[in-house]
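K.L.:
Residues in the sequence shown are numbered from 1400 upward in steps of one, following our numbering.
Let me give you the structure first, and then I'll get to my questions.
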Amino acid sequence: MSFSQLGLSEAIVRAVTECGYSTPTPIQQQAIPAVLAGGDLLAGAQTGTGKTAGFTLPILHRLSAATRAEGAKRPIRALVLTPTRELAAQIGDSVKTYGKYVKLNSAVIFGGVNINPQVTMLKQGVDILVATPGRLLDHLQQGTMKLDQVEILVLDEADRMLDMGFIHDIKRVLALLPKKRQNLLFSATFSDEIKALTDRLLDNPAMIEVARRNATADIVAQKIHPVDRNKKHALLAHLIKEKNWFQVLVFTRTKHGANKLVEQLGKEDISAMAIHGNKSQAARTRALAEFKSAKLQVLVATDIAARGIDIDQLPQVVNYDLPNVPEDYVHRIGRTGRAGASGEAVSLVCVDEHDMLKGIEKLIKQTLPREVVAGFEPDPNARPQPIQLRSEDHQRGGRNGGRAGGGRAGAGGGGGGRQAAGKPRTSSSQPGQPGQSQGQRKPGGAPRQDQSGARPAPPHRSGGRGR
Ligand code: AMP
């Protein structure tokens, strides 16, 4: 199976081929013909499956097959909504890369940066707009754009958008779109809320699913290092030096914890930066760029900040703290072992986190191997202490501040019962199976915890979300 066999134009196939991709991933094999056919689509897939090209390529094909007037009069014809700024930027890059040989303009807009250059860009005429919901509404309120000519709407990572409280924004945007349009919805999980949204939004959609829920990628080697809570940073520094880890993504539970760890690693001459919701967009972009280009050895991230980040060949993920919600473990370790590359995920687990570990092992249906590192043996008499999240890590950011990745206020405490109700029917691919191309062995996942949530999950939750 090749990209041209899927019915894509020569200009698009050429651009994809130049990226080194010769075989479409399973989601691409299914999504591309479905989108080209013009109907609605409901796709169960998460980052890492190749879903971006799955919708970008056929959108480019469809829009370029029926081009409109040149210049400023060009209306926005495709709108891609994403939960986070990083994901928006990544999708925007993909649109530019794959659209290199077609005459379409694209733009990315998200909050946390100056709005004026975005206004200028919009004035120049944009065919494909990638946006986070908050900033999109700012533009609409200011009258700097119209959406009345949109032919195709994509809701990417729809479950995360709902988790982050974007539902009201999405509804407001939907009200401004023409009634007749093509809708594509991508989601890793299918809660009742997603089901309600898809029922309302999609008309007789094609349904495809490629990722298995809550399955960790087989190619990610996982390990637990039991350690005392106050020796975690020393153990991490030891492992980085001892094993010559050069590109390590480290997860902490809180923003404060991320900052503190960066400081501690700095004292050990290990270059580290943190990305989380209290960092400016510029700081986050810089940290990510330095990490991607391997100038920075360690990137310390909170869950929301790291979601959707696509770093090719990331070899090492460290859970410095276990996540409160077991499903986040799956999302975290999904940052490694991407696109067919092997990876390793280690977790530094202290006595306070034993219940969390049990919850994770129950979810992934595996007992993870324990390996005590010499010199870091945990105290057998240590007693667990309740895990306190710092209050600033619970503050929900408003549209203009504080949220990681563009989260919005008003999530309503993150509705309960978020299990996989209303999953789409699978059409053809094998869930979670390795395919013939890269980028598809991704773990499935469940909705995640909003770190900025007003009502944090209690520590030691052993399964499910139910907040
Ligand atoms: P996504 O799920 O869209 O975030 O894509 C995950 C990764 O797979 C990205 O690094 C893509 O560039 C890469 N990718 C997309 N399509 C293919 C393909 N057909 N073959 C190999 N890699 C791909």
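Just so it is clear, CB atoms sit at the ideal spot from N, CA and C, and this is done for glycine as well.
Please read all numbers here as calculations on a predicted model, not as lab measurements.
Given a threshold of 16 other Cβ atoms within 10 Å of its Cβ, counted over all protein chains shown, does Asn1513 qualify as buried or as exposed?
P.N.:
exposed
K.L.:
Please find out if some non-hydrogen atom of the ligand AMP comes closer than 7 Å to the beta-carbon of Gly1656.
P.N.:
no
K.L.:
Name the residue from Gly1676, Lys1579 and Thr1481 whose alpha carbon lies nearest to the alpha carbon of Pro1548.
P.N.:
A quick correction: the sequence has Gln, not Pro, at residue 1548. Among Gly1676, Lys1579 and Thr1481, the Cα nearest to that of Gln1548 belongs to Lys1579.
K.L.:
According to the neighbour-count rule (16 or more other Cβ atoms, all chains shown, within 10 Å of its Cβ), is Asn1515 buried or exposed?
P.N.:
exposed
K.L.:
Where does Asn1780 sit, in a helix, a strand or coil, going by DSSP?
P.N.:
coil
K.L.:
Helix, strand or coil: how does DSSP classify Arg1731 here?
P.N.:
DSSP places Arg1731 in helix when its eight states are reduced to three.
K.L.:
Rounded to whole angstroms, what is the Cα-Cα separation between Val1434 and Met1520?
P.N.:
27 Å
K.L.:
From the DSSP secondary-structure annotation, give me the bridge partner or partners of Ile1743.
P.N.:
Before going further, note that residue 1743 is Glu rather than Ile in the sequence given. Note: Glu1743 sits in a beta bridge opposite Ala1620 and Gln1715.
K.L.:
Determine, using beta carbons only, whether Phe1585 and Lys1450 come nearer to each other than 8 Å.
P.N.:
yes
K.L.:
Are the CB atoms of Pro1768 and Ile1674 nearer to each other than 8 Å?
P.N.:
no
K.L.:
Taking the C-alpha atoms as reference points, what is the distance between Ala1688 and Asn1780?
P.N.:
Going by C-alpha positions, Ala1688 is about 43 Å away from Asn1780.
K.L.:
Going by the C-beta, is Tyr1497 closer than 7 Å to any heavy atom of the ligand HEM?
P.N.:
As far as ligands go, the structure on display features the ligand AMP and does not contain the ligand HEM.
K.L.:
So, for Gln1784: in the same chain, excluding its five sequence neighbours on each side, which residues have a beta-carbon less than 7 Å away from its beta-carbon?
P.N.:
Asp1751
K.L.:
Rounded to a whole number of angstroms, what is the C-alpha to C-alpha distance between Pro1777 and Asp1702?
P.N.:
Roughly 26 Å between the two C-alpha positions.
K.L.:
Excluding the five sequence neighbours on either side, which residues of its own chain have a C-beta within less than 7 Å of the C-beta of Val1647, listed in chain order?
P.N.:
Ile1639, Gln1696, Val1697, Gln1715 and Val1717
K.L.:
Between Leu1440 and Val1507, what straight-line distance do the alpha-carbon atoms span, to the nearest angstrom?
P.N.:
23 Å
K.L.:
Go ahead and label Lys1522 buried or exposed: buried means 16 or more other beta carbons lie within 10 angstroms of its beta carbon, across all protein chains shown.
P.N.:
exposed
K.L.:
Do the CB positions of Leu1528 and Asp1568 come within less than 8 Å of each other?
P.N.:
Inclusion of Leu1528 and Asp1568 in the CB contact set at 8 Å is not warranted, their separation being larger than that value.
K.L.:
Measure the beta-carbon distance from Pro1722 to Arg1652 and round it to whole angstroms, keeping in mind my assumption that it falls under 8 Å.
P.N.:
7 Å
K.L.:
Between Phe1402, Gln1765 and Ala1477, which lies nearest to Glu1550 when the distance is taken from Cα to Cα?
P.N.:
Ala1477
K.L.:
Measure the C-alpha to C-alpha separation of Thr1927 and Arg1534 and round it to an integer number of angstroms.
P.N.:
Missing from the structure shown is residue 1927; the chain here goes from 1400 to 1866 and no further.
K.L.:
With distances taken from CA atoms, which of Tyr1497, Ile1490 and Leu1462 is nearest Ala1414?
P.N.:
Tyr1497
K.L.:
Quick one: what's got a C-beta closer than 6 Å to Pro1823's C-beta in the same chain, skipping five residues either side?
P.N.:
At Pro1823, the pLDDT of 37 sits below 50, so the modelled position is not reliable and the matter cannot be decided from this model.
K.L.:
Are Val1699 and Ala1633 closer than 8 Å when you measure CB to CB?
P.N.:
Taking 8 Å as the Cβ cut-off, Val1699 and Ala1633 do not qualify as a contacting pair.
K.L.:
Where DSSP assigns a beta bridge to Glu1760, which residues make up the other side?
P.N.:
DSSP output for Glu1760 lists no bridge partner at all.
K.L.:
Go ahead and pull the three-state DSSP assignment for Phe1565.
P.N.:
coil
K.L.:
How many angstroms separate the CA atom of Leu1376 from the CA atom of Val1501?
P.N.:
This structure does not reach residue 1376, given that the chain is present from 1400 up to 1866, and the question cannot be answered.
K.L.:
List the whole-angstrom C-beta distance separating Ser1463 from Leu1503, where the pair is believed to meet the contact cut-off of C-beta under 8 Å.
P.N.:
6 Å
K.L.:
Looking at the structure shown, is Leu1583 part of a helix, part of a strand, or coil, going by DSSP?
P.N.:
strand
K.L.:
Please classify Lys1666: is it buried, with 16 or more other beta-carbons within 10 angstroms of its beta-carbon, or exposed?
P.N.:
Of the residues assessed, Lys1666 falls on the exposed side of the cut-off, its CB having fewer than 16 other CB atoms within 10 angstroms.
K.L.:
Please name the residue, chosen from Val1661, Ala1530, Gly1524 and Arg1461, that lies closest to Gly1491 on a Cα-to-Cα basis.
P.N.:
Ala1530
K.L.:
Bridge partners of Arg1769, per DSSP?
P.N.:
Ile1623
K.L.:
Are there 16 or more other CB atoms within 10 angstroms of the CB of Gly1843, so buried, or fewer, so exposed?
P.N.:
In this predicted model, Gly1843 has a pLDDT of only 33, less than 50, meaning its place in the structure is not dependable; the value taken from the coordinates is given anyway. When all chains shown are included, Gly1843 counts as buried.
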